[in-house]
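Protein chains in written order, with the working numbering: chain A, 1 to 226; chain B, 1001 to 1251; chain C, 2001 to 2297.
Structure, rendered in C-alpha cells:
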C-alpha cells in the first residue's frame, strides 16, 4: 500500500521541553490509524504538526503530494448565529473551490453526519451536534486524509454509533483516517492500528486483532503505571 | 472573501457597534442643537459651515475609537477559539488569513463611520444646510483614511501582542495622533536632548489630526496638504505590509 | 499573496515613499509664507500706525520649530529664505540681534495653530508685535537706553503683586483709562489724564526707583507693542474679537507682566485721543506717563 503520511524522527520542543520525541510513523492509504495516550502525551501536537498548525523542531513530515486533508478539531467553534448550512457554505468558500459550494453537495455531507435540519442556528446545538458539524466541514474538500481529534467526544450513545458507522463508510471509500481519541472502545471498533504515546515518545504499537489483550488493558498497563 | 464577510457579519451582530454608533449620533445631535453662546472665531457654532470641521474632528476620533475596539480582538479571538486551525489546515496562508480578517474590521469600521456621517447629513438637512451634503460625502473619504490607519495598525499589532497591550498601545496612538498639533505645541516648549528624542518619537505617530484638518480644509474650500494625505496612505501601506508579514508561530 | 500581487504592493509602497519625499515641504512652508502675506496686506490698511518708519516686514522673520529656523527676508511679495539652527530653544515669540540687525523669531504656523485655536491670536499678529520690538530697537535703540536698570519680570512681580495698596491703585489707573474705551461720553480727556497721572504718581511713592523704572520700561516697550498688536488683531479678527480679547480684558489687573501690556495699550489709546500726533515726536526716550503728563500741562 502507498504511504499517505510519513513522519521521520520528528521532534517538537516548547521552550526547552520536549513534547514529541523522535516520532516516526508510516500511515498507509486507506488505513484508520489511532494516536493513543494520556493527556500531555504529545498526540495533539503531532496532529498540529501534520496539519501545519505548528512547525516540527526537527525531523521530516511527508504527505502524499496530491492528498487533501480534512480536519475535525476536538473543541470546534462555529459562529453561533450561523446555521449548519451557512457554516458549511463558509468553509466551502474558504476552500476556494466553487464546485464545493453547491448546496445539494453540502446538504449531502450534513445528511451524512446526521444534521439534516439545517435551519437550526449553531447557538441551539448540543455539543454532539457541533462535533458532527465539525466532521461535516472536514469532509467538504472530499479529503484523502481525515484527521479527527476526539470525534466521538460529547456524543450520546446513538450519536457515537452513528459517527463510528460513518467512519467505517469513509474507510470503505478509501480515505486515510487518523484518530486521536480517549474512547478506546471506539478505537477498537474502527481503527486498524495505532501507537501508544507517553511523554512524547511512542512506547508501543497496537494492531487490531493481533493480540489477545484488549486495547484497554494494554493502555492501562502501559500508561496507567504512573 | 468568505473570511472577510464573516468578520463583518459577526461585528454587525455585536452590540458594541450599535452602542458606539448611537453615541456618535448623540454627539452629532448635541452639537447640532442649540449650543447657546458658544462661538468659534467670533462666529456662532450653530453655523454648520463653522461646525463642520469641528464635527469632522470629533466624528473621526470617535470612529477611530470604534475601529480600534472592533479590530483589537478579531485576530486574537480567532486563535483563542482555534477557528484558525480550520483555516490554516485548509492551506490558507497566514498573510492572506490576517489580511482577510483585517479587511473585515476595516469594512465594519467604514460602515460605522458612514452611519455617523449620514447622521451628520440628516442633521445638516434638518438645520437647513442641504447645500453641504456633497462636502460631507467627500469628508467621509478622509474618515475612511483615518479609520484605515487605526484598523490596520491595530490588526497588525494584535497578531503577536496580547489584546490588552494592543488596545493600550493603540489608545495612545489614537489620542496622540488626534491631538498631534497640541503635542507639537507642548514639545515645542521643551529643550535639550530629551526634547529632541520626544519630537522624533512624535513624528512616528500617525498624523490623524492632519487627516481631519484636510477634510476640514476641503469642506471650507481651503487648499489641501497632499503630503499629509500621502503620509496617511503610506502609513496604511506599512500597516498592511505588517498584517501580511507578521506571523504567529502556531495556529 | 501571489508573487505578482506582492510585486504590485511593493511598487505601490515605493510610489508612496517617492511621493512622500516629493511633497515634503522644504524651506519656507506655505502656511508660514501666507502669514507674511497677511502682514503685508494688513500694512496696506494699517500703515505705520503713526510710528514713523515702522513696517514689521523691514525685519527678517524666522519661523522656528524650536530646532531649526527658516529665516525670511520679505521684499514686495518675494520671500528669500535660508535655514539655520534655532537661536532659541522652546516655543518663542521674540527678537534676536544678529550684528546690527534685529530679527523677529516666531513659532512656525503648524505649531502655532493649536494656540490660535485657543486664544484667537493669528500668527501674523504675533509678527506685528515682535516686529514692533525689532523697530523699537533698531529705529529708536530703545533697549540700549534702559536695559541695565530694569529688573526681571519675576523679580518685579514678586514685589509689585504682593503690595495690596499698589495693586489697588494700579486697578484704579486701569479703570480711569478704561472710561475712554467703554464710555462714549467719557467727558473731558484732559481731566481723565490728570486724574490718571495723579493716581499713577501716588502709586510711584509706594515703590523704590528700581521698581518704578522697571514698570515704566515694561509699559513703554510691551504696552506699545500690545497696542500695535491689538490694532492688527482688530483688522484680522474683526471688531467683536477685538472687543472681547483686548478691550474686554484691558482694565483687569493681572499678576505678572500682562498688566503692563494692558496699561501701555490704554495709555496709547488715551494719547491717541488726547493728542493724535503724539507719536510724531515720540522716540521711546520717555515713559508714557511722562508723555501723558506733558499733555496735561
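We treat Cβ as the ideally placed atom computed from N, Cα and C, and that holds for glycine.
Own chain partners of residue i with C-beta closer than 8 Å, once the 5 adjacent residues on each side are dropped
{"i": "residue 1108 of chain B", "result": "1007, 1008, 1011, 1012, 1017 and 1070"}
{"i": "residue 1036 of chain B", "result": "At residue 1036 of chain B, the pLDDT of 44 sits below 50, so the modelled position is not reliable and the matter cannot be decided from this model."}
{"i": "residue 2027 of chain C", "result": "2070, 2081 and 2083"}
{"i": "residue 2269 of chain C", "result": "2177, 2180, 2181 and 2227"}
{"i": "residue 2043 of chain C", "result": "2055, 2056 and 2057"}
{"i": "residue 1101 of chain B", "result": "1003, 1004, 1007, 1074, 1075, 1078 and 1155"}
{"i": "residue 1041 of chain B", "result": "Low local confidence applies: a pLDDT of 48 at residue 1041 of chain B is under 50, so the model's placement there is unreliable, with the coordinate-based value given in what follows. Around residue 1041 of chain B: 1050."}
{"i": "residue 82 of chain A", "result": "90, 121 and 122"}
Partner residues on chain B for residue i, Cβ-Cβ distance less than 9 Å
{"i": "residue 2107 of chain C", "result": "1185 and 1188"}
{"i": "residue 51 of chain A", "result": "1085, 1088, 1089 and 1251"}
{"i": "residue 151 of chain A", "result": "Here the premise fails: no neighbours, minimum Cβ distance about 15 Å."}
7 Å CB neighbourhood of residue i in its chain, flanking five on each side removed
{"i": "residue 1138 of chain B", "result": "1218"}
{"i": "residue 2066 of chain C", "result": "2086, 2089, 2090 and 2091"}
{"i": "residue 2125 of chain C", "result": "2229, 2232, 2233 and 2236"}
{"i": "residue 1136 of chain B", "result": "1117, 1120, 1121 and 1124"}
{"i": "residue 2169 of chain C", "result": "2199, 2202 and 2203"}
{"i": "residue 1114 of chain B", "result": "1140"}
{"i": "residue 129 of chain A", "result": "115"}
7 Å Cβ cut-off: residues of chain B touching residue i
{"i": "residue 2111 of chain C", "result": "1184, 1185 and 1188"}
Partners in chain A for residue i, counting only beta-carbon separations shorter than 7 Å
{"i": "residue 1002 of chain B", "result": "90, 93 and 94"}
{"i": "residue 1081 of chain B", "result": "77"}
{"i": "residue 1159 of chain B", "result": "Residues of chain A passing the Cβ test: none, with the nearest at roughly 16 Å."}
Contacts of residue i in chain A (Cβ-Cβ under 8 Å)
{"i": "residue 1006 of chain B", "result": "79 and 90"}
{"i": "residue 1070 of chain B", "result": "The premise fails here: residue 1070 of chain B is roughly 16 Å from chain A at the closest Cβ pair, so nothing lies under 8 Å."}
Proximal residues of chain C, C-beta to C-beta of residue i below 8 Å
{"i": "residue 1191 of chain B", "result": "2066, 2089 and 2090"}
{"i": "residue 1196 of chain B", "result": "2067"}
Where residue i meets chain C, residues with beta-carbon distance less than 7 Å
{"i": "residue 1230 of chain B", "result": "2016, 2019, 2020 and 2023"}
{"i": "residue 1233 of chain B", "result": "2016"}
{"i": "residue 1178 of chain B", "result": "Per Cβ cutoff of 7 Å: no residues; residue 1178 of chain B is ~12 Å from chain C at best."}
{"i": "residue 1226 of chain B", "result": "2023"}
{"i": "residue 1237 of chain B", "result": "2012, 2013 and 2016"}
Bridge partners - residue i, DSSP secondary structure assignment
{"i": "residue 2334 of chain C", "result": "Because chain C spans 2001 through 2297 in this model, residue 2334 of chain C falls outside it and cannot be assessed."}
{"i": "residue 2097 of chain C", "result": "C:2102"}
{"i": "residue 11 of chain A", "result": "A:58"}
{"i": "residue 1022 of chain B", "result": "Beta-bridge pairing links residue 1022 of chain B to no other residue."}
{"i": "residue 3 of chain A", "result": "A:28"}
{"i": "residue 43 of chain A", "result": "Residue 43 of chain A pairs with nothing; no bridge assigned."}
{"i": "residue 2064 of chain C", "result": "C:2069 and C:2107"}
Beta-carbon proximity list for residue i, same chain, < 6 Å, skipping 5 on both sides
{"i": "residue 2189 of chain C", "result": "2273 and 2274"}
{"i": "residue 1206 of chain B", "result": "1149, 1177 and 1235"}
{"i": "residue 29 of chain A", "result": "1, 2, 4 and 176"}
{"i": "residue 2153 of chain C", "result": "2257"}
{"i": "residue 1212 of chain B", "result": "1056, 1057 and 1060"}
Per-residue DSSP class, three states only, for residue i
{"i": "residue 193 of chain A", "result": "strand"}
{"i": "residue 1043 of chain B", "result": "Below a pLDDT of 50, predicted positions are generally treated as unreliable, and residue 1043 of chain B, at 49, falls in that range; no measurement from the model is reported."}
{"i": "residue 1016 of chain B", "result": "helix"}
{"i": "residue 204 of chain A", "result": "strand"}
{"i": "residue 1228 of chain B", "result": "helix"}
{"i": "residue 70 of chain A", "result": "strand"}
{"i": "residue 1222 of chain B", "result": "coil"}
{"i": "residue 2237 of chain C", "result": "helix"}
{"i": "residue 1187 of chain B", "result": "helix"}
{"i": "residue 2244 of chain C", "result": "helix"}
{"i": "residue 1036 of chain B", "result": "Legend: pLDDT at residue 1036 of chain B = 44, less than 50; position of this residue unreliable, no value from coordinates given."}
{"i": "residue 152 of chain A", "result": "coil"}
Under 9 Å by beta carbon: chain C residues contacting residue i
{"i": "residue 1181 of chain B", "result": "2110, 2111, 2113, 2114 and 2117"}
Partners in chain B for residue i, counting only beta-carbon separations shorter than 8 Å
{"i": "residue 44 of chain A", "result": "Those do not exist, as residue 44 of chain A stays about 10 Å from chain B at its closest Cβ, beyond 8 Å."}
{"i": "residue 54 of chain A", "result": "1249, 1250 and 1251"}
{"i": "residue 71 of chain A", "result": "1085, 1086 and 1089"}
Per-residue contacts from residue i into chain A (C-beta, under 9 Å)
{"i": "residue 1013 of chain B", "result": "79 and 81"}
{"i": "residue 1221 of chain B", "result": "Within chain A, no residue comes near residue 1221 of chain B; the closest Cβ sits about 46 Å away, beyond 9 Å."}
Cβ-heavy atom distance, residue i to the ligand SAH, below 8 Å
{"i": "residue 17 of chain A", "result": "No copy of the ligand SAH appears in this structure; indeed no ligand is present at all."}
If you measure beta-carbon to beta-carbon, which residues of the stretch 2242-2257 of chain C are closer than 9 Å to chain B? 2244
For the stretch 103-122 of chain A, which residues have a CB atom closer than 7 Å to at least one CB atom of chain B, in sequence order? Here the close residues number zero.
Select from the stretch 126-140 of chain A all residues with a C-beta closer than 8 Å to any C-beta belonging to chain B, and list them in chain order. 137
Members of the stretch 1092-1106 of chain B that neighbour chain A once the beta carbon cut-off is set at 8 Å: 1092
Taking only beta carbons into account, state which residues of the stretch 2258-2274 of chain C come closer than 9 Å to chain B, listed in chain order. none
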